[in-house]
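Sequence lines, in order, name chains A, B and C. If you use UniProt numbering, the first sequence corresponds to residues 1 to 680, in order. If you use UniProt numbering, the second sequence corresponds to residues 1 to 680, in order. If you use UniProt numbering, the third sequence corresponds to residues 1 to 680, in order. Where a beta carbon is used, it is the ideal one built from N, C-alpha and C, also for glycine. One structure is given below, encoded as C-alpha cells.
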Amino acid sequence: MINEKLPKIWYGGDYNPEQWDAETWAEDARMFKLAGIDVATINVFSWALIQPSEEEYDFSALDATIDRLYKDGVYICLATATGAHPAWMAKRYPDVLRVDKQGRKRKFGGRHNSCPNSPTYRKYAARLAAKLAERYKDHPGLLIWHVSNEYGGYCYCDNCAAAFRVWLKRRYGSLDAVNRAWNTRFWGHTFYDFDEIVPPSELSEEWGHNRTNFQGISLDYRRFQSESLLDCYKIEYDELKKVTPNVPVTTNLMGFYPELDYFEWAKHMDVVSWDNYPSIDTPVSFTAMTHDLMRGLKSGQPFMLMEQTPSQQNWQAYNALKRPGVMRLWSYQAVARGADTVMFFQLRRSIGACEKYHGAVIEHVGHEHTRVFRECAEVGRELGVLGDAILDARVESKAAIVYDWENRWAIELSSGPSVALNYPEEVHKYYEALFHMNVQTDMISVEEALDKYSLVIAPVMYMIKPGFADKVEAFVNRGGTFVTTFFSGIVNEIDLVTCGGYPGELRKVLGIWAEEIDALLPGQTNKIVMNGAVGALNGEYDGSILCDLIHLEGAEAIATYGEDFYKGMPAVTVNKYGEGEAWYVATSPDKAFMQGFLKNLCDKAGIRPILDTPEGLEATVRTKDGKRILFLLNHNKTASVADMGESVWTDALTGETRRGAVEVPAHGVVILTEGDASHV
Amino acid sequence: MINEKLPKIWYGGDYNPEQWDAETWAEDARMFKLAGIDVATINVFSWALIQPSEEEYDFSALDATIDRLYKDGVYICLATATGAHPAWMAKRYPDVLRVDKQGRKRKFGGRHNSCPNSPTYRKYAARLAAKLAERYKDHPGLLIWHVSNEYGGYCYCDNCAAAFRVWLKRRYGSLDAVNRAWNTRFWGHTFYDFDEIVPPSELSEEWGHNRTNFQGISLDYRRFQSESLLDCYKIEYDELKKVTPNVPVTTNLMGFYPELDYFEWAKHMDVVSWDNYPSIDTPVSFTAMTHDLMRGLKSGQPFMLMEQTPSQQNWQAYNALKRPGVMRLWSYQAVARGADTVMFFQLRRSIGACEKYHGAVIEHVGHEHTRVFRECAEVGRELGVLGDAILDARVESKAAIVYDWENRWAIELSSGPSVALNYPEEVHKYYEALFHMNVQTDMISVEEALDKYSLVIAPVMYMIKPGFADKVEAFVNRGGTFVTTFFSGIVNEIDLVTCGGYPGELRKVLGIWAEEIDALLPGQTNKIVMNGAVGALNGEYDGSILCDLIHLEGAEAIATYGEDFYKGMPAVTVNKYGEGEAWYVATSPDKAFMQGFLKNLCDKAGIRPILDTPEGLEATVRTKDGKRILFLLNHNKTASVADMGESVWTDALTGETRRGAVEVPAHGVVILTEGDASHV
Amino acid sequence: MINEKLPKIWYGGDYNPEQWDAETWAEDARMFKLAGIDVATINVFSWALIQPSEEEYDFSALDATIDRLYKDGVYICLATATGAHPAWMAKRYPDVLRVDKQGRKRKFGGRHNSCPNSPTYRKYAARLAAKLAERYKDHPGLLIWHVSNEYGGYCYCDNCAAAFRVWLKRRYGSLDAVNRAWNTRFWGHTFYDFDEIVPPSELSEEWGHNRTNFQGISLDYRRFQSESLLDCYKIEYDELKKVTPNVPVTTNLMGFYPELDYFEWAKHMDVVSWDNYPSIDTPVSFTAMTHDLMRGLKSGQPFMLMEQTPSQQNWQAYNALKRPGVMRLWSYQAVARGADTVMFFQLRRSIGACEKYHGAVIEHVGHEHTRVFRECAEVGRELGVLGDAILDARVESKAAIVYDWENRWAIELSSGPSVALNYPEEVHKYYEALFHMNVQTDMISVEEALDKYSLVIAPVMYMIKPGFADKVEAFVNRGGTFVTTFFSGIVNEIDLVTCGGYPGELRKVLGIWAEEIDALLPGQTNKIVMNGAVGALNGEYDGSILCDLIHLEGAEAIATYGEDFYKGMPAVTVNKYGEGEAWYVATSPDKAFMQGFLKNLCDKAGIRPILDTPEGLEATVRTKDGKRILFLLNHNKTASVADMGESVWTDALTGETRRGAVEVPAHGVVILTEGDASHV
C-alpha cells in the first residue's frame, strides 16, 4: 500500500489554490466532497511564492492550504515545487538557465527549465526539499512527496559540458577508451584532451531530430542528461528521506517519454507515478501497453495514475472532449493494469495562461452541474465502494515484452537503414496482438529475470547489453519461447557493431545469419508466404519497412519472402534450442500476420487469454490474495457481451452475482470479483 | 477630398528615378503622360542617398526629381524614406538593428529593419521628417506625406525589453497588477522586480508560430510592439504637421496584416492608405472584405489604394499574370468600396534586386507597346473621364461585421481548443455570404457605434473589451439583430476567463450557456439539423472545427446537432431580447448554411441587396450628394447581365443612358450614375 | 592515362585501416586479392592521427600502411587528410570553426567543417600537404593525390566577411561599382564604406533556402565561397606539385552539387574524380547526365569514379540494397561515359559512427561469402580481363547541352516568377530525351567552343555571360542548331536585367520577343498545339511551370498555346539564322513532346543514335584509336535484345564474336569492341 493513511484508491489531483481566493477555496471544499475527492497534489509550481528571494522563505499560505484541505478530508500529495525556478533566480544566477540544442542561452520562461548541472539550482532545490520535509514531516495530511514535475529536456551549457567530461572519465576511465568507444578515428575525431569534447548539439554533431554524425557521443549524452536530471531528483529524494523516511517519494513520469531512461529512474522511486494523456485517436492498446510499462518499471509493483484530464486537453492540435463514460473507462483501464490511484490534472481550471483550456473537475462555470463533474463524482462514489478491495493486487503474466530506452536512443540515432523504423511502434505491433487476445503481458527491462515467463518477445533488440544474450539462451534452453525481429543483435551497449554476422550475440540461439538488410520505400511491401499452414497462419501476408536477408544455420523457415530478388529466402524462422524455441521475424508484418502469429505462440506456450471477448471488449485481471478481480472494459460505442460461462463472479460495484452473459454498456466498465460474495 | 490640388481619382504609384539616368527620366515622363499618370510616390527608400553620413544631407537629386515631375504634370506623394536605415547607421549604431524572435541580433540587410525603440533610429527619423517638411513645405507638387513604408515586424532587443517594462508600469501601475493580469502564479512565474520580465521570445515563453506559455505577456508584447512602431510613425507625423499642418499624412497599411492594430493606427492618420496584393486564387470576396476593413478603419472615410501590381508579383510562390481586364476590374473594385486613388507598385521595373520580377507600368522592355501598359493607359484615360464624380462618395451599409486585432492575437495565442480556428477566415465566411448577395457591409471596430446598423455580426468574439457587451445589449434592445458564434465571450481584455459560464458577458443577451467546446479533427464534421424550415434554410448542413455544447437559457434552438453524443443539443439559437434578436452559431457552418442564414437575417432586418445579380457579378454602390454610383464588376470569364429593371442610369464612362438589361463583358466593369444625365 | 604505373581501370576505394588491427589488415589483404582490388584511397580523415598536436607529426602508421598495401599489390590514392580538422585545433584556434548561415559559431564536430578563410586552417593544411609530398614522393605505390574530401559548405564568419570585402574590391575595383552591380539604390542599400558590407546570411539578406533580398550580393557570395574553398584546394595542390610534379592531383566532386562552380574547379585539377550516389529511384538518365557533366568539366577528358557504394547507403531516408547486378551495371555505366576507374566507398565497413550502415566490399560479417563481395570480385576479375583496352578512350558527341553553375545560382536566388522552376530538372528533360534515343551528348560549360557540335541546347539560359550570345550567333550562322527555352537571356553576369525586351542578348538569333512570363499553379498546364505535324510531333502536348508570351520577330511558330488568354500565341518557335536554326521553347513541355522534338532536331542535324534499342537498354560508345567500344547496359528487370545487324563485334569480356541479335541479361552488361578480334 502506498500509504496506509488512505487505504483505498486515491482520488483527486493537481490543485492550485494559490491562484484563487478564500471564497473559491470554500466552494472547492464543498465540491471536492461531492466528487469524493480525497487527495490533492499541491505546491507543484510554487517555488517563487514560498521563496520570494534568495534568503526569504514564506510557508504561511502553504501551511494554511494543507491544514484547510486536511480539515476538509483531503490528503496531500506534496510537491517540492522545483519544476520551475523563480524569475529572480534566473536573473541573479543565469547558470540555472539552460542552453538549448541550437546553442541558445535561454531566458526566463516556461517550466522544466533548469539546467540539471546548475550549482545554483541544485543548491536551492535541495534546500527547499529539506525545508519542506522539516516543516511538514509530522502533518497528518501528508501522504506522499511529489518531487519536481515531469522531468525532461536536455541542456547543452558549459556547466553540462564540464560535467559530461567528468561523467566520461568515470564511465570510461581514460580518453583512449572514449576514443575507442566512439570510434573517433572515423572522420578524424581523435581526442587528445577531455576538454576538446563538446556536447553533441546542433553546433557540433547533431542536426534535426535525432540525427547525428557520431552515435557514440550522442548516445552517451542522452545517458548523461538522463542521469543528470535523475541526480537532481535524487538530491531532493535524499533530503526528504533524511527527515521523513517513511513517507513515500515519487515523481510523475510520462509513459514512453523518450528522453529519460525510466528503468533507471524507477530504481530510486518508492512508487512509480505517471501522467496519461492519450489523444482521441490513440489506440487503447497503446495506452494499455504504457500502463504495463509503468507497472514494469518496478517489476510489477502497483503505480499511481498521477494525472489524466477529466475531459479535454489544451496542448494537442485538436482537443476533442472525452466522450461520456470514457474518462471512467480509461480510469478503470489504469486501475485494471496496476494503478492504485486515479488522479487528475486539474481539480479547478485556471483562468489565465496556457492551461486554461485544459479540462478540470471544476470547470470555468464553477458549479457542479456539468457533465464532466457528474462523471467525476460518479467515479469518486464508486472508488469509495471499492475501498481497498483492489489495492496492492498484482497483474500476473506469462508473456513479456522487452523494452529498453537505450536501445531506443541507439535505433533513433542510427544513420540508416530506414527513417521509417519506429521502435515503440514495432513494440506495439506485438503488444497489440496480445492485447486483442486478452493475454496479459508484462513490459520488462533487459535486466528483468525471465524465469517466470513462457514467452518473451524482444522486438528490434538492436543493442545487446552484457549478459542479455546469455540470459536469453538460458531462458530458451529451459523451454522458453523467445521472439525477436529484424535489426536485432547488431550493436553492443556502446553502439559498436558486433562483427561476424548479424544478429551478433543472438545468432546462436536463433540459428540464422542475416546477410543484408533491405529498406523498403514508403508504401512498399514484400510478401510473407507461409510454408504451409501453421495454426492460425496460412497463405500470404505483407511485410514492410525493413527486410532482413537471412540464411538458416539450424533454424527452420516457417515463411519465405514472396517477391523481389530475395523471394524464397526465409522471412520467419524458428530454431529449436534446448527445450525451447527462438523465433526471428525478418520484416515488419501486417496485423493479420501478427494476430495469427501471437495466437500460435501463446497456444504453444500454454498461455491462455483471460477471456475470449468480442472485439473492443478488454478483459484484464488483477489478483489479490489468490483471488482474481476481472475488469471488463468496453471500448466500443455499443454494448458488448462477455460470456463468463459457468464460473461465478460478484459485481464489485453493485454486489450482484454474475455468471453467463455479462453485458457491458457502450464505453462501460464491469468489475467482477471471483466467487459469489452473496454467499459469504 | 484628400488634397484639393488634384480633384480626381489619383493615378500613379511608386517611382524610383534614383535607379535610372536622365535619358530614362525623359522616357518616363513621356510614358506617364500616355498613361494618364498624375501622382508619383517617391523617396520611399532613399534615406541612404539623402543622408550619406551622420551629419551630411543632400537633397539635390530629390529637389530635381520633384521639380521635374511637377513640371511634367505629376504630383508628389512624398515618402519620408525611413522604411530602411542606411548601412552606415547600422554599422555605427547597432541599436538600430533588431533582435529577432529567435534572439538573434540582426545585421544590416532587408528593409523595415529598424528597432522601434532604438534611440538612434527615432532621433534620425524625426530629424529627417523635419528636414523634408521644411524643404518641401511650399512646393506646389507636394500632395501628401507618406511616412516610412509598410510598418511591421517585432523586435526583442534589450532596448525593447526596457521600454516594455516602462510600458507595463504605465499600463498596470504596479507589478502586483501585472502578476494578476498574467496569472503568474501559474507555473511559478511571480515577478518581484520589473527587471525580471523579459520579452516573450523563443528563448523565453514562445515557440513556433504564435505558440506561447503565457498568453498575457505575449498579448501585451504584441500591443507594446504595435504601439512602439506607431510611436515611430507619430514622431514623424508630428514633425511633418508642425511645418505643414494642411498637407495630409498617411502610411501604407496591409489589409489584414496581423502584427499591427490598425484601428489604433488609423486614429493617427489623416487618410488611410493600403497595398492590395491578392493572389490569383484569393477569393474576390476576401479582397472586397479587406477594402471594407480599410474603409472601416476611419469609420467610412474614403481611403487610398496606395499599391497594387499592374500584373505580376514576385514574392508569391507562383506569380501568375493578371488576366486581361483584371487589373482594371480590381482597380474599380477598390474604388467601388471607397478608394479615391488607384496607385501601383511600381511605375518602372527595377533591373536588380528582389523586385525585378514585380510587375510595373513600364516593363523591362521599356516601351509602351505592351499589354500591361495598354491596360494601364486605358484606366488612366477613364479616370480622367470620371474626374471628381466619385470623389468623397460614401458607402452606406445597414450591416456590419466586427473585427478586432487584439481579439485575433488572443485567439491565435490560445493553447487549445483547436489549431484549425482561423479568425479572419471565420469572419470571411459571414462576409462572403453577404458579398454574394450584394449586401453592403461595414467592417467595424469594437469601438464603433452600432446605432446606424440593423445587423451586427461579431464572429468568434473571444475577447470582450469593457463596454462592448453593454453596447451589444443596448443595440439588440433597441431592435438590432446581433450574431455571434462559438468561442465568444470567453475572456476579458487581458485574456483572463470570465468565470460563471461561457459566453461570459454575452450570455445574458444570447440567452444560452455553453458548457463544453468540442474540437473536431481535420475533415470531421457534425450535422446542423434545422428544426423545420426557416426561410431559405431547411434540412441538414455541415459544421466543423469547433462545436459548442450549449444549453438554452431563454433562447430558442433553430437547429440542433445531428451526430455524436451531443446530437439534439442546440447548434444555432436565437434569443429575443428587447426589440431585437441575438443569434448564436455554435459551430462553423458550411457555405450553404451561411448563404441561407444571412439571407434570412437580412430579409428580417429589412436589409436589401444593391441588386440581384448572377453569380460572380458584383454590384456595389457609393453615394455622393444623395446620388448613387453603381459599380457592376464582372469577376466571371464570360459576360454577365445585370437587370436594372425600369430605373434609369447613366454610364459614367460613356455618358450613355442605361436601363433594363446591362451586359458586363468578361472581367469587365460598368459604372452607372443614378438618373439620366443626357437630360441634364 | 591517369598514371602509367597502373595501366588498367583502377579498382578499389576508400580504406581506413587505422580503425582496425593487424589481424584484420591481413584479412583485408587476402580479400582485396580475391576481389581484384588494386587501389586504395587512404588517409582521408587522418589529420588528427598524423598531427596529434600543433608541433608534432607522426607518419609511422601511415608509412606502414602504404608499405603493406604496396607489398600486397595495392596502389595508393593518397588523401591529404584535410577534410576534417583535429579537435585540438578547433579548441586552440577557433578561427578554423565556421559560422553558419544562421549566424551561429560552430563547435568541433562533423567534417568539411573548416572555415575556408581561416588563417590557421590554410597554414596547417598547406604544411601537411607539403610534408606528405616530401615523405612519399618516391614511394612506388603512390598513384595519385586526393586533396581533402568532398569540399562544400559555406562560412559566414568575420574572417570570411573581411575576405569577401577584399574579393569585392578586386572584382569591382570600387565601391561605386559594387553599388551599381547590386543595384543598391533599391531599398536604400547604398554603401559608403566596404566595411558596411556583411555576408548575406539569415541575419542580413537571406532566409530559408536560397531566398534573398539582394540577388547581387547573394550571387557574389556564392562565387566568393566557391573560390575560397577552391583557394584552399589550390594551396594544397601547389604544395604537392612543387614536390611531385608528375603525380596527378584530384579532389572528389559530387556531380550536380550546387555550392561549387565545378567548371572553375576542374581547371585546377589534373583529373576530375567524383562520387556517384544515386537513390534507388534516381532515373538512370540522370546518373548518365551527371557522368557526362563530370566528363565535360575537362572537355571530355576521362574521369575517375572515386566513390560509389557496393550496395547500400546510410544517409538516405530509405536505403534500399542495390539489386543483384546493379552495382556492376552502374559501374560500367560510369566507364561507358568516361570513367577510367571504378572505386568504392568503402572497402571495409566501420563498426562505429554514422557510416557503419554504408555498404562496403567487406561487410561486418568479415568474410567473402556474401552476395556483395561476390559481385565485387566478379567486376574485379572483369576489369583485369579488360586491361587497358578502354583506358583513355573518348566519348564523341555531336550534341551538347550547356550547363552553368552561376546560372543555377541566379535562377535559384530569383524572387519570382515561380518556385517550381528547377534548373537541373529542366536540363534533364532535354538530356533524358536524347538519352533514350542513345544519342551521345556532351555536357558543356558556357566557355566551351561550339564548333564541333551540330546541336547545342541551353535550357533556361537565364544568365548570359559576356561573349556567349556572340558565340551562339556564330554557331548558328555556320549552320548549327541552337535550342533555348523560356526564362533565358534575362540577365547579365551580375544578375542585372538586359532591358529592351526578353530574351535580351539572344533575341536577335531567336527572332522573338517575350513580352510576359506567366507562372502556372502546381498541377496546372497549358496546351502546346502543333501547327501541323513536324516529323514525330503532331497534335497536342502539355506545357507547365512557366509560359512565355512571345511575339515573332522573324521566327516561325511551330506550335502555339491551346488555352487561356494567350491561346494562339507561339509556344515553340524556330528562326532561320545564317545557315542554321535557333529554337525557342516557351514553356516546359511534357515527355512526349520532348521525345518527338529531340528526334526531329537530331534527324535534321544529321545526328544518329548509337543504336536503336528497346526501352531501358542503354547503348553508349567510347572510341579509342579510331575503334569503337560499345557498351550495352540493360536497366530492365528482364533480358533485352540489341540488334547489331550485319556489323561484327567482339565481346570484350569473353572474346566471342557477336553480330545480329545480342541478348543482354536483366541488369546485365555486354561490352563489344568493333571488329572481329578472333581474326586478329
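Where the beta strand (DSSP E) through residue i begins and ends
| i | result |
| --- | --- |
| serine 640 of chain A | 640-643 |
| leucine 672 of chain B | 669-674 |
| residue 708 of chain C | Only positions 1 to 680 of chain C appear in the structure, and residue 708 of chain C is not among them; the question remains open. |
| leucine 305 of chain C | 303-307 |
| cysteine 602 of chain B | First-last for cysteine 602 of chain B: 591-605, but that is the alpha helix (DSSP H), not the beta strand (DSSP E). |
Cβ-heavy atom distance, residue i to the ligand SAM, below 7 Å
| i | result |
| --- | --- |
| phenylalanine 435 of chain A | Absence of the ligand SAM is noted for the structure shown, with no ligands found whatsoever. |
Proximity below 8 Å, CB of residue i to CB of residue j
| i | j | result |
| --- | --- | --- |
| valine 439 of chain C | alanine 399 of chain C | yes |
| isoleucine 84 of chain B | asparagine 113 of chain B | Here residue 84 of chain B turns out to be alanine, not isoleucine, going by the sequence shown. Yes, these two residues count as a Cβ contact at 8 Å. |
| isoleucine 588 of chain B | isoleucine 550 of chain B | In the sequence as displayed, the identity of residue 588 of chain B is serine instead of isoleucine. The answer is no: Cβ separation not under 8 Å. |
| isoleucine 390 of chain A | arginine 622 of chain A | yes |
| tyrosine 318 of chain A | leucine 520 of chain B | yes |
| isoleucine 217 of chain A | arginine 165 of chain A | no |
| valine 460 of chain A | leucine 601 of chain A | no |
| aspartate 442 of chain C | serine 414 of chain C | no |
First and last residue of the uninterrupted alpha helix (DSSP H) at residue i
| i | result |
| --- | --- |
| tyrosine 77 of chain B | The amino acid occupying residue 77 of chain B in the given sequence is cysteine; tyrosine does not appear at that position. Taken as a continuous stretch (DSSP letters only), cysteine 77 of chain B belongs to no alpha helix (DSSP H), being part of the beta strand (DSSP E) at 75-79. |
| isoleucine 411 of chain B | 405-413 |
| arginine 381 of chain B | 371-386 |
| tyrosine 70 of chain C | 60-71 |
Between the region 621-636 of chain A and the region 656-669 of chain A, are three or more C-beta pairs nearer than 8 Å? Short answer: they touch.
Go through the region 75-122 of chain C residue by residue and report every complete run of the beta strand (DSSP E) that reaches 3 residues or more, in order. DSSP runs (the beta strand (DSSP E)) wholly in the region 75-122 of chain C: 75-79.
Listed in chain order, which residues of the region 119-133 of chain C have Cβ atoms closer than 8 Å to some Cβ of chain A? Result list empty, no residue passes.
Taking a Cβ distance cut-off of 8 Å, strictly less, list which residues of the region 208-219 of chain C are near chain B, in chain order. Answer set for the region 208-219 of chain C: Thr212, Asn213, Phe214, Gln215, Gly216.
Given 8 Å, three or more beta-carbon pairs between the region 461-470 of chain B and the region 555-570 of chain B: No, the region 461-470 of chain B does not touch the region 555-570 of chain B.
Listed from N- to C-terminal order along the chain, which residues in the region 307-320 of chain A have their beta-carbon within a distance smaller than 8 Å of any beta-carbon of chain B? Those would be Ser311, Gln312, Gln313, Asn314, Trp315, Gln316, Ala317, Tyr318, Asn319, Ala320, in chain order.
For the region 53-76 of chain C, which residues have a CB atom closer than 9 Å to at least one CB atom of chain A, in sequence order? Cβ contacts with chain A: Ser53.
Assess contact between the region 98-108 of chain B and the region 192-202 of chain B, defined as three or more Cβ pairs (one per stretch) separated by less than 8 Å. Is contact present? Flag = yes, the region 98-108 of chain B and the region 192-202 of chain B touch.
Taking contact to mean 3 or more Cβ pairs, one atom from each stretch, closer than 8 Å, check whether the region 323-339 of chain C and the region 295-303 of chain C are in contact. Yes, the region 323-339 of chain C touches the region 295-303 of chain C.
What residues in the region 405-429 of chain A bring their beta carbon closer than 8 Å to a beta carbon of chain C? So the list reads Ser414, Ser415, Gly416, Pro417, Ser418, Val419, Ala420, given in the order they occur along the chain.
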